[in-house]
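Novice: Provided herewith is a single structure, encoded as structure tokens, for subsequent inquiry.
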Amino acid sequence: MVILLWCCIIYVFIVASIGAKNNRNNHTQHPDQFSDPETEKEVKVIKSPSLSSLPPTSNKTLVILVGGLRAGETAWNSLYRNILDPNDADLALMIEEVSSEHVYSKSSLLERSRYIWYYPKYKDWSNALDLVNGTQWRKTHLANFPNRSQLIHKYGWIPGTHVNIFGGIPGFQGSGMLLFMIRWFLSQKIQETGEIFESYDKFIVTRPDNYYQCPSIISSFKLENKAVWVPEGEDYFGLCDRFYITSKENLIESLEIITDFLGGPQFEFEYSIHKNTESFLKYSWEVRGFNVQRFPRVMFTCADEESDPDISWSNKTRIKKDKAMRVPGTSGLIYNRQRDEFELSQRNCAAT
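Residues in the sequence shown are numbered from 3 upward in steps of one, following our numbering.
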């Protein structure tokens, strides 16, 4: 009798274990879940509408916002008013996952976007670089990335020795690798979405935290001969990486600059090329033969004082030190006083 009782107990335990395992498997495979490649933490995300459910569009320009959601409705309304509506443009997002608890989970961007794509988050972005051409770059490139102390030893402690291009990889400052890899992820998503190049002729690639001071009509921007249009200013010894306009023929090539970074049999650091993302962008586009054109800046990066506390320059201490200033005529919107983009946009828009 005792033996029979123990057999029953063991049987119940095995069935319960199998059921729990199946439940876990079903849960992680739920289509509404996003699995972080580093933490394996499941996050409920807002899904993009299926392509089959989208109504046809007559618009020929697609504006793609790349990066985390920041700045808030005041900034995004300026995007609608001065970029999307005057140019009859559709909107797409390439963003990190947005949970139902996210401060911007009810964003008008999510409602207005025709396409919403998500990029994975990494604690160590070198794992993301492995996806481009395998892991060989760790021997040929990563081993030759100079750290801060090596840069100081070689170039001396002078202004401008800060290098951010390797940021995102442990041991390096900045976020350069995030910029390059997120754009590479975007290029993969676009190529998976076959209708994109059938629907649009012009593309604007930019970030969610711009405030657009006045309209910019891009219909007059000619894109022949591999032309790429970039606003004036914020070049930092290279080329501004926050906003550009390109054609459908050049979009993918303009996004996949990480392949230039990982190219070659072995990495050799050159300060003028690898100082920051702006300098490498300029180098990469020159190698690819892009014809860079400039136009008057009408936008500047900003942050919401209350909703974006993680932005290094946007906290109230910076405001008190006059490093950040409130945007006139807005509530809670601030800009970085240490950049010239605000003054440029004010001056250009006042002249129109």
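Positions of the beta carbon are idealized from the N, C-alpha and C atoms, including for glycine.
Quick caveat, the model's predicted, so the values are computed rather than measured.
1) Does the stretch 173-186 come into contact with the stretch 293-303, if we say contact requires no fewer than three beta-carbon pairs (one atom in each stretch) closer than 8 Å?
2) Please report the distance separating the alpha-carbon of SER249 from that of HIS155.
3) Look up LYS323 in the DSSP assignment and say whether it is helix, strand or coil.
4) Residue range of the beta strand (DSSP E) that ARG296 falls in?
5) Does DSSP put CYS242 in a helix, a strand or coil?
6) Roughly how many angstroms lie between the CA atoms of VAL232 and SER221, to the nearest whole one?
7) Near GLN348, what residues of its chain come up, given a Cβ to Cβ distance below 7 Å and the 5 sequence neighbours on each side ignored?
8) Run through DSSP, which three-state label would ILE171 get?
9) Using 8 Å as the Cβ pair cut-off and three pairs as the minimum, do the stretch 76-91 and the stretch 105-114 touch?
10) Of the choices ASN212, ALA145, THR59, ASN129, whose alpha-carbon is the least far from that of PHE245?
11) Tell me whether TYR273 sits in a helix, a strand or coil according to DSSP, three-state version.
12) Where ASN166 and CYS351 are concerned, what is the direct C-alpha to C-alpha distance, given to the nearest angstrom?
13) So, are the CB atoms of PHE282 and SER256 less than 9 Å apart?
14) Should GLU307 and ARG328 be called a contact, given that it needs their Cβ atoms to be closer than 9 Å?
15) Which partner residues of TRP369 appear in the DSSP bridge assignment?
16) Give me whichever residues DSSP pairs with PRO233 in a beta bridge.
17) For PHE199, which residues from the same chain have a beta carbon less than 7 Å from its beta carbon, with the 5 sequence-adjacent residues on both sides left out?
18) If we count Cβ pairs, one from each stretch, closer than 8 Å, do we get three or more for the stretch 126-142 versus the stretch 90-105?
19) Could you give the first and the last residue of the continuous alpha helix (DSSP H) run that contains LEU283?
20) Between which two residues does the alpha helix (DSSP H) carrying LEU180 extend?
21) Taking its Cβ as the centre, do 16 or more other Cβ atoms sit within 10 Å of THR354, making it buried, or is it exposed?
22) By DSSP's criteria, ILE260 is part of a beta bridge. Which residues make up the other side?
23) Below 8 Å, is the gap between the Cβ of GLU307 and the nearest heavy atom of the ligand MN?
24) Given a cut-off of 9 Å, decide if VAL68 and ARG296 are closer than it, judged by their beta-carbon atoms.
25) Could you work out which residue in ARG72, VAL65, SER151 is closest to ARG1 when comparing CA atoms only?
26) Kindly indicate which three-state DSSP category LYS228 falls into: helix, strand or coil?
27) Alpha helix (DSSP H) containing ILE220: first to last residue?
28) Judging by CA-CA distance, which residue of ASP126, SER189, PRO298 is the nearest neighbour of PRO217?
29) Write down the C-beta distance between GLY235 and LEU346 rounded to the nearest angstrom, noting that I regard them as a contact closer than 8 Å.
30) Leaving aside the five residues before and after GLU258 along the sequence, list all residues of the same chain whose C-beta is less than 8 Å from its C-beta, in chain order.
31) Let me confirm a value: ARG150 is counted as buried when at least 16 other C-beta atoms fall within 10 Å, else exposed. Which label applies?
32) Take ASN227 as the anchor and find which of GLU194, VAL294, SER286 has the nearest alpha-carbon.
33) What is the DSSP secondary structure of ALA91, reduced to helix, strand or coil?
34) Please classify SER286 as buried or exposed, where buried requires at least 16 neighbouring CB atoms within 10 angstroms.
Specialist: From the atom records:
1) Too few Cβ pairs lie closer than 8 Å, so no.
2) Working through the sequence shown from its first residue, we reach residue 249 at position 247. Working through the sequence shown from its first residue, we reach residue 155 at position 153. Whole-angstrom Cα-Cα distance: 43 Å.
3) Along the sequence shown, read from residue 1 onward, the residue named residue 323 stands at position 321. Low confidence applies here, because LYS323 scores a pLDDT of 48, under 50, leaving its location unreliable and the question unanswered by this model.
4) Looking up residue 296 in the sequence shown gives position 294. In the DSSP assignment, ARG296 falls within the unbroken beta strand (DSSP E) covering 293-297.
5) Locating residue 242 in the sequence shown gives position 240, counting from the first residue. Reduced to three states, the DSSP call for CYS242 is coil.
6) Along the sequence shown, one-based indexing puts residue 232 at 230. Along the sequence shown, one-based indexing puts residue 221 at 219. The alpha-carbon atoms of VAL232 and SER221 are separated by roughly 15 Å.
7) One-based indexing of the sequence shown puts residue 348 at position 346. Excluding the 5 residues flanking it on each side, GLN348 has same chain C-beta neighbours closer than 7 Å at GLN215, in chain order.
8) The residue labelled residue 171 in the question sits at position 169 within the sequence shown. For ILE171, the three-state secondary structure derived from DSSP is coil.
9) Yes, they touch.
10) Your numbering for residue 245 matches position 243 in the sequence shown. Minimum Cα distance to PHE245 is reached at ASN212.
11) If you number the sequence shown from 1, residue 273 lands on position 271. Of the three classes helix, strand and coil, the one that applies to TYR273 here is helix, per DSSP.
12) Locating residue 166 in the sequence shown gives position 164, counting from the first residue. Locating residue 351 in the sequence shown gives position 349, counting from the first residue. Cα to Cα, the separation comes out at about 32 Å.
13) Position 280 of the sequence shown, counted from the start, is the residue given in the question as residue 282. Position 254 of the sequence shown, counted from the start, is the residue given in the question as residue 256. No. Outside cutoff.
14) For the purposes of this step, residue 307 is taken as residue 305 along the sequence shown, with counting starting at 1. For the purposes of this step, residue 328 is taken as residue 326 along the sequence shown, with counting starting at 1. Remark: C-beta atoms of GLU307 and ARG328 approach each other more closely than 9 Å.
15) There is no way to answer for residue 369, as the model of the chain reaches only from 3 to 354.
16) Within the sequence shown, the letter at position 231 stands for residue 233. As DSSP reads the structure, PRO233 sits in a beta bridge with PHE297.
17) Sequence index remark: in the sequence shown, residue 199 carries index 197 (1-based). LYS250, listed in sequence order.
18) Touching, no, given that fewer than three Cβ pairs across the two stretches are closer than 8 Å.
19) Start at 1 with the first residue of the sequence shown, and residue 283 comes out as number 281. It spans 279-289 - the alpha helix (DSSP H) in which LEU283 sits, taken as one unbroken run.
20) Reading the sequence shown from its first residue, position 178 is the one you call residue 180. Note, LEU180: alpha helix (DSSP H), 178-194.
21) Taking the first residue of the sequence shown as position 1, residue 354 is located at position 352. Flag for THR354 reads exposed.
22) Counted from its first residue, the sequence shown places residue 260 at position 258. For ILE260, which the question treats as bridged, DSSP gives no partner whatsoever.
23) What this structure holds is no ligand at all, so the ligand MN is not there to describe.
24) On the sequence shown, residue 296 is found 294 positions in, with the first residue counted as 1. On the sequence shown, residue 68 is found 66 positions in, with the first residue counted as 1. The Cβ atoms of ARG296 and VAL68 do not sit closer than 9 Å to each other.
25) No answer is possible for residue 1: it lies beyond the span of the chain, which begins at 3 and ends at 354.
26) Looking up residue 228 in the sequence shown gives position 226. Looking at LYS228 - three-state DSSP - the assignment turns out to be coil, as it is neither helix nor strand.
27) Translated into positions along the sequence shown, residue 220 becomes position 218. Where ILE220 is concerned, there is no enclosing alpha helix (DSSP H), because DSSP gives it neither an H nor an E.
28) Residue mapping note: residue 217 aligns to position 215 of the sequence shown, counting from 1. Residue PRO298 is the option with its Cα nearest to PRO217.
29) As a working note, residue 235 is residue 233 in the sequence shown. As a working note, residue 346 is residue 344 in the sequence shown. Between LEU346 and GLY235 the Cβ distance is about 5 Å, and since that is below 8 Å, they are a contact.
30) The count along the sequence shown starts at 1 and reaches residue 258 at position 256. Cβ within range, chain order: ARG185, TRP186, SER189.
31) Against the sequence shown, residue 150 aligns to sequence position 148. Burial call: exposed.
32) Reading the sequence shown from its first residue, position 225 is the one you call residue 227. Measuring from the Cα of ASN227, the nearest candidate turns out to be VAL294.
33) Position 89 of the sequence shown, counted from the start, is the residue given in the question as residue 91. In the structure shown, ALA91 sits in a strand (DSSP, three-state: E or B).
34) Looking up residue 286 in the sequence shown gives position 284. SER286 should be labelled buried.
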